[in-house]
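Residue numbers (the working numbering), protein chains in the order written: chain A, 246 to 988; chain B, 200 to 421; chain C, 2 to 82.
We put the CB at the ideal spot given by N, CA and C, even for glycine.
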Amino acid sequence: MVLDTVALAKAHPDTPQPFAELGLKADEYASIKEILGRRPTSSELAMYSVMWSEHCSYKSSKIHLKQFGEKAVKSDALLVGIGENAGVVDVGQGYAVTFKIESHNHPSFIEPYQGAATGVGGIVRDILTMGARPIAIMDPLRFGPADAEDTRRVLPGIIAGVGGYGNCLGLPNIGGEVVFDQSYLGNPLVNALCVGVMKHSDIKLAKAAGAGNLVVLYGAKTGGDGIGGVSVLASETFDAKGPAKRPAVQVGDPFVEKVLIECSLEIFAEDLVVGIQDLGGAGLSCATSELASGGSGGMKVQLDKVPLRDPSLSPEEILMSESQERMCAIVEPSKIERFLEICKKWDVTSTVIGEVTDGTHLEITFNGELIVDVPPRTVAHDGPVYNRPLAKPDYVDAVAKEVINPPIPVTSAEIKNVVLTLAATPNLADKSWVTDQYDRYVQGNTIQSQPDDSGMVRIDEMTHLGVAVATDANANWSYLNPYEGAKLALAEAARNIATAGAKPLAVTNCLNFGSPEDPGVMWQFAETVRGLADGAFEMGLPITGGNVSFYNQTGTTAILPTPIIGVLGVIEDVRTRTPMSFTDAGLELYLLGATDENLSGSEWAYLHGMRGGVAPTADLAREMRLIDLLVTANQNKLFTAAHDLSQGGLAATLTEMVLRHNVGAQVTLNNPGNSLVSETPGRVVVAIASDQAPSLLALAGAKNIPLAKIGSTGGDALIINDCVISLDELRTAHTETFKKLFG
Amino acid sequence: MKIGVVTFPGTLDDRDAARAVRFAGGEAIALWHDDADLKGVDAVILPGGFSYGDYLRCGAISRFSPVMEPLIAAAKGGMPLLGICNGFQVLAEAHLIPGALTRNQHLHFLCTDQKIRIENNTTAWTNSFTAGQEIVIPLKNGEGSYQCDDETLKMLEGEGRIIARYVGENPNGSRNLIAGVSNERGNIVGLMPHPEHAIDLLTGPTADGLGFFTSVLKAMVK
Amino acid sequence: MATIVVDVMLKPEILDPQGKAVAAALPRLGFTFATDVRQGKRFEITVEGEPTAAQLAEVEKAAEKLLSNPVIENFTVRVDK
C-alpha cells in the first residue's frame with residue numbers, strides 16, 4: 246500500500262479522489278484544495294470529510310444555533326458557554342456543575358445494545374473532559390408503536406445497553422422518558438444526558454497551549470470501530486486486491502471507561518493537564534484538530550505511535566476510528582512522568598503521540614512521512630455553513646383546521662374507563678420494567694429518580710446542596726407549532742425542576758429532526774431554535790450547549806420534530822425538597838393553573854387518531870410566576886407534595902400521585918371529562934395541610950396563578966365525583982402494560 | 200474501630216460502604232487491590248460493583264488480587280469479612296463461601312427495594328438484628344442467582360448458615376431464596392443486596408441497612 | 002503458532018437461563034430443530050509452535066483455576082487443527 250503523503254499530493258495534483266463517496270460535495274472538495282493550496286492527501290481528505298459531515302460540523306444548523314448565543318441572557322452563573330464540550334454553571338459553595346445531552350440515534354437502530362451503550366459512554370466522556378466527576382445520567386427515549394415488531398427488536402436492547410453501560414460505570418440513572426409514536430418507527434431516538442460536578446478551579450478546557458507541551462493519547466487501544474466510509478480510501482485507492490473492509494459497529498467497554506474516569510480524576514486532581522479532549526465522533530481527527538484549534542494552531546503528531554488493537558489499520562483508518570474510551574491530553578513535559586505513572590496504576594494504556602508547536606498547522610506523520618499538514622481551524626471550526634432552504638409545510642395550516650373532538654367522558658363509567666385507559670396506555674403506563682434495569686442507588690446521593698418529576702442528586706454531603714435535572718419534549722405540539730412547542734417544552738422542564746423546590750438555572754438541548762434537505766423539516770428546525778432561543782431569553786436561562794441530530798427519517802416521512810430540552814436547577818438543601826406525592830390522609834389537594842378545552846396534541850386525542858389542531862400558545866410570564874410560586878412555597882414549607890401535569894393531564898397526574906405511596910384521593914371536578922384529559926400547560930397539583938390553605942391562597946393571589954381546591958387525600962381508591970376506582974384496579978392497569986408488551 | 204473497604208478496578212460502591220461505616224460509628228480505611236496490606240484493620244468489606252467489568256465471571260479476576268492473600272488468611276483466622284454483591288461473588292470465587300452466583304433467571308439487571316428476612320443473627324455482621332427480622336434494602340445486580348449442589352444446600356440449611364432470605368417472589372432464581380450465606384464460624388458473610396444504600400431515608404428506601412455495620416462494630420468490641 | 006481451545010459449559014444440573022432464552026427464540030424464527038440449547042464460553046489461546054503435552058497440562062490447570070468455575074462449570078481442552 247502506497248502511503249499518500251503531502252509530498253505525493255504536491256507531486257501528483259490530479260490523482261482522482263473519492264470525495265463524493267466520503268460525503269463531500271464538489272464545491273467542498275474544491276474548498277479544501279483552496280485552503281491547502283494543493284489536493285489533500287487521502288488522510289487529509291478523510292479528516293475533512295468526517296469533520297465537515299453534518300454530525301460533526303453542524304453545517305445545516307450552525308446558522309440557526311447562533312441565536313442561542315445572540316439572544317443569550319447575561320448570566321453570572323454561566324462559567325463555560327456554548328462551544329466547549331459541555332456547558333458549566335456555578336451552583337454555589339464553590340461548586341460548578343456541567344451537563345449535556347447527546348444523541349446516538351442511528352447506531353441504536355442498527356445495533357440497539359451497543360448503540361445505546363456507546364451513546365452513554367460518549368456523553369459521560371464529554372462531561373469528564375470538562376474536569377468533572379460524572380454523577381448521574383438520564384435517558385430520554387423515543388420508539389415506534391409499542392406493539393410494533395421493530396420496537397420489540399430495538400427497545401429491550403436499548404434499555405439493556407443504557408443500563409449495562411451506565412450501571413457498570415457506577416452512575417445512577419435519575420430519570421428519562423419512554424415515549425411511543427408511529428413516526429419513530431425505524432427511527433428510534435436515544436438521547437443520553439450526563440451531569441458532572443467539580444470545584445470551580447477544576448474546570449478544564451479543550452485547548453493545546455504552550456509549545457513543547459506533549460500530546461498524550463490514553464485509554465483504550467484503537468481498532469476499526471465505526472470506520473465506515475473511510476474504508477473506501479483504504480481499499481479503493483490503494484489496495485484493490487485486499488480484503489473488503491466492513492464498517493465495524495462501535496463496541497463499548499464500560500469497565501475501561503470506569504477506570505478511565507478514576508484515572509482521569511486523579512490526573513486532574515494533581516493538575517497535570519493543560520488541556521483535554523475526549524475522542525468521540527471522528528476520533529483522533531476531531532481530538533487533534535479541536536485541541537490544536539484551541540491553542541495557537543500548531544501541533545505535531547506521530548500517528549504510528551497510536552497503540553493499535555488491529556495492526557492492519559491504515560493511517561486514514563486510524564484517524565477516523567471511533568474506538569471508544571479514549572482521551573487526548575496536553576501535558577507539560579515536567580508533569581508527564583507523573584501522568585504516565587497514574588495511568589500505570591490504573592492499568593490504562595497511555596502514549597505520547599506528539600507535541601504542541603508554535604506554528605499554525607497540525608502536522609501528522611506516519612513512520613516519518615508527512616501525511617497531514619492543515620490549518621486545524623479549517624478542519625474543526627471553519628467548515629461549510631449551509632443556509633438550507635426552508636418553507637413552512639402545507640400540513641401546518643391543514644391540520645390546524647382539524648376539529649379535535651375525541652369523546653369526552655360524562656358518566657361515572659366513562660370517567661373510570663378514561664382514567665384506566667390513560668393509566669394503561671404505553672406512553673403513560675408504569676415504566677418500572679425499564680427503570681428497574683437501571684441502578685439508581687450507586688454513589689449514595691440520589692434524592693429523586695423515576696417516577697419523580699425531576700432527577701435530584703446531592704452534591705455536598707455536609708451542606709446537602711443539590712441539583713435537579715429534568716428533560717422534556719412535546720413532539721405532538723412541536724409538530725403543530727414548532728416555535729410554541731419549543732417554548733412549551735422549556736417551560737415544562739423548568740416547571741418539573743421547580744415542583745421539588747429547585748430553582749432552574751441553565752438549559753441544554755438535543756434537537757432530533759428529519760432530513761435538513763427537506764425545506765419543511767428545516768422550517769420546523771428553524772422555528773424550534775427560534776422558539777427555544779426566545780423562550781430561554783424570556784425565562785432568563787442560559788443555553789449551555791447541546792446536540793443536533795438530523796436525518797431521522799425513513800423515506801420521505803420524518804419523525805415528529807422532537808426537541809428534547811434539559812433544564813438543570815439548584816436546591817440549597819435536598820432535605821427540604823417537596824416530594825412528588827403524599828403518604829398521609831387528610832391533606833387538601835389543589836390544582837394550580839387554569840384548564841381550557843383545547844385537546845390538540847393530547848394523549849387522549851392521539852388515542853383517537855386525532856393528531857392535528859392548534860398547539861397552545863406558551864405564556865412564559867405566567868409559567869415563570871408559577872415557578873416562582875413553587876420555589877417560594879417550598880422555601881416556606883407550604884407543600885406536602887407537588888406534581889406537574891403534562892401528557893395525560895390530570896388523569897395521569899392523579900394516577901401517579903395515588904399509586905406512588907398507595908394513598909388514595911377524593912376529588913370533585915367541574916366538567917370532569919375535560920378536566921381529566923386536557924393537557925393545558927402550566928399546571929401543578931399540590932397537597933397541603935389544611936392549615937396552610939390561607940398561605941397558599943395568598944401566595945397564589947400574589948403570583949396571579951388561578952387555583953382551585955379539588956379534593957383531599959386518603960382511602961384506598963381514587964374517587965372522582967361519584968366514580969370510584971380502587972387503587973388495586975388502578976395499579977393493575979398501570980403496571981401490567983410493559984410486562985405484557987415486553988415480558 | 201477500623202474497617203477496611205477494598206477497591207478493585209471497577210468497584211463502584213466502595214465510597215458508599217465507607218459512608219455506611221462512618222454512619223455506624225466506625226472508621227473506614229481504603230484498601231487498594233494491588234497492595235497486599237490490610238493496614239491493621241479490624242474487619243474488611245468487599246463492596247459492590249463491576250470489578251474487572253465482570254469479565255470472565257463476576258469476581259473471578261479480583262479474587263487473585265494481591266490484597267486477597269492477607270485477607271483470606273485473616274478471614275480464616277476469624278477476622279470479620281463482608282462481601283456485598285460483587286464482594287459476595289469474590290468470596291464465592293475464592294471459595295471462602297460455598298456455592299456460586301449466576302445470571303439472574305429473568306436475564307435482566309434488577310434494581311429493586313427488596314424485602315429480606317434475617318435468619319441468623321449470630322454472625323459478626325447480623326447481631327444487631329432480631330432473628331426473623333424483616334428489612335428492606337436495595338437489590339441491584341444482574342448475576343445474583345445463588346446456586347449450589349444439593350449436598351451443600353443441605354449443609355447450609357442444617358447449619359443455619361443461610362443468614363438472609365428473600366421474602367416474597369424470588370427476585371433472581373436463587374436456590375431456596377438465599378440472599379446471604381456465612382462460613383461455618385460466622386465471621387465471613389456474603390450478602391447479595393446492598394445495606395450501604397439503606398442507611399437513611401434521604402437516600403435509601405429505609406435505614407435498615409445500618410444494622411449490618413453496627414453489628415460488626417459490636418462484634419469487634421467483644 | 003497454534004491455538005488451544007478451551008470450551009466451558011455450565012454443569013448439566015445448573016439452570017442456564019440464557020440457553021433457555023435462546024431455545025425459546027429459535028422457534029419464533031421458524032427454527033424447530035432444537036429440543037434444548039445450552040450456552041457456554043470458548044477460549045482461544047494462542048501459543049508459539051506446536052503445543053506440547055506439558056503445555057496442555059498447564060492449560061488444563063489454568064482452565065480449572067481461572068477460566069472456569071468448577072463449582073458450576075465443566076471444561077474441555079483441545080488443540081485446534
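Taking 8 Å as the cut-off, the beta carbon of glutamate 358/B is found no closer than this to the beta carbon of asparagine 303/B. Contact annotation: leucine 883/A and serine 940/A have beta-carbon atoms nearer than 8 Å. Between the alpha carbons of alanine 293/B and valine 460/A lies a gap of roughly 42 Å. Counting C-beta atoms within 10 angstroms of its own C-beta, glycine 409/A has 16 or more neighbours from the protein chains shown and is therefore classed as buried.
Proximity to alanine 537/A across Asp555/A, Ile609/A, Gly526/A, Pro578/A peaks at Ile609/A, based on C-alpha coordinates. One alpha carbon belongs to alanine 219/B, the other to isoleucine 202/B, and they sit about 11 Å apart. When Cβ pairs closer than 8 Å are counted between the two stretches, the segment 207 to 214 of chain B is seen to touch the segment 234 to 249 of chain B, the count reaching three or more.
Neighbours of glycine 209/B in chain A, taken as residues whose beta carbon is under 8 Å from its own, are Cys413, Phe500, Lys503, Val504 in chain order. Those residues of the segment 296 to 316 of chain B placed with their C-beta closer than 9 Å to a C-beta in chain C are Pro297, Gly298, Ala299, Thr301, Arg302, Asn303, Gln304, His305, Leu306, ordered along the chain. Bridge partners of methionine 10/C according to DSSP: Asn75/C.
Proximity of isoleucine 346/A to chain B, defined by a Cβ-Cβ separation below 8 Å, is not satisfied. Non-local C-beta neighbours of glycine 520/A in its own chain, meaning closer than 8 Å and more than five positions away in sequence, comprise Lys449, Leu450, Ala451, Lys452, Ala453, Ala454, Leu536, Gly539, Gly540, Ala574, Ile575, ordered along the chain.
A contact between stretches requires three or more CB pairs, one per stretch, nearer than 8 Å, and the segment 851 to 867 of chain A fails this requirement with the segment 675 to 684 of chain A. Shown in chain order are the members of the segment 67 to 80 of chain C whose Cβ falls below 8 Å from a Cβ of chain B: Leu67, Leu68, Asn70, Val72, Ile73.
Rounded to the nearest angstrom, the Cβ distance from alanine 739/A to proline 824/A is 19 Å, too far for a contact under 8 Å. Asparagine 879/A and valine 318/A have their C-alpha atoms spaced approximately 26 Å apart. Against chain B, a Cβ distance below 8 Å from isoleucine 46/C picks out nothing, because the smallest value is about 13 Å.
For the options Val859/A, Ala747/A, Val619/A, the alpha carbon positioned closest to that of arginine 283/A is the one of Val619/A. Taken atom to atom, the span from the alpha-carbon of asparagine 797/A to that of aspartate 395/A is near 16 Å.
The C-alpha of glycine 408/B is placed about 10 Å away from the C-alpha of serine 327/B. Against chain B, the CB of threonine 363/A has no partner CB under 8 Å away; the residue lies outside that interface. Taking C-beta atoms as the reference points, arginine 822/A and alanine 745/A count as a pair closer than 8 Å. Put simply, the CB of glycine 464/A is far from chain B, with every gap to its CB atoms at 8 Å or more.
Where leucine 874/A is concerned, the enclosing alpha helix (DSSP H) starts and stops at 865 to 880. Neighbourhood of asparagine 690/A in chain B, by CB distance below 8 Å: Thr402, in chain order. DSSP, read as helix, strand or coil, puts glutamine 892/A in coil. At a cut-off of 8 Å between beta-carbon atoms, glutamate 358/B makes no contact with chain C. The residues Ile653, Pro654, Val655, Glu659, Ile660, Val663, in chain order, have a CB closer than 8 Å to that of glycine 918/A in the same chain once the five nearest residues on each side in sequence are set aside. Between the segment 508 to 527 of chain A and the segment 418 to 429 of chain A, the count of C-beta pairs closer than 8 Å stays below three; the two stretches do not touch.
For glycine 540/A, the three-state secondary structure derived from DSSP is coil.
Across the set Gly790/A, Asp698/A, Val702/A, the C-alpha of Asp698/A shows the shortest separation from the C-alpha of glutamine 892/A. CA-to-CA, the gap between threonine 801/A and serine 760/A works out to about 9 Å. When CB distances to chain C are screened at a threshold of 8 Å, the residues of the segment 364 to 388 of chain B falling below it are Gly372, in chain order.
Counting only Cβ-Cβ distances below 8 Å, isoleucine 5/C has no contacts in chain B at all, with the closest Cβ about 17 Å away. For asparagine 458/A, the secondary structure class from DSSP, reduced to helix, strand or coil, is coil. Interface flag for alanine 259/B against chain C is set, since a Cβ pair is found closer than 8 Å.
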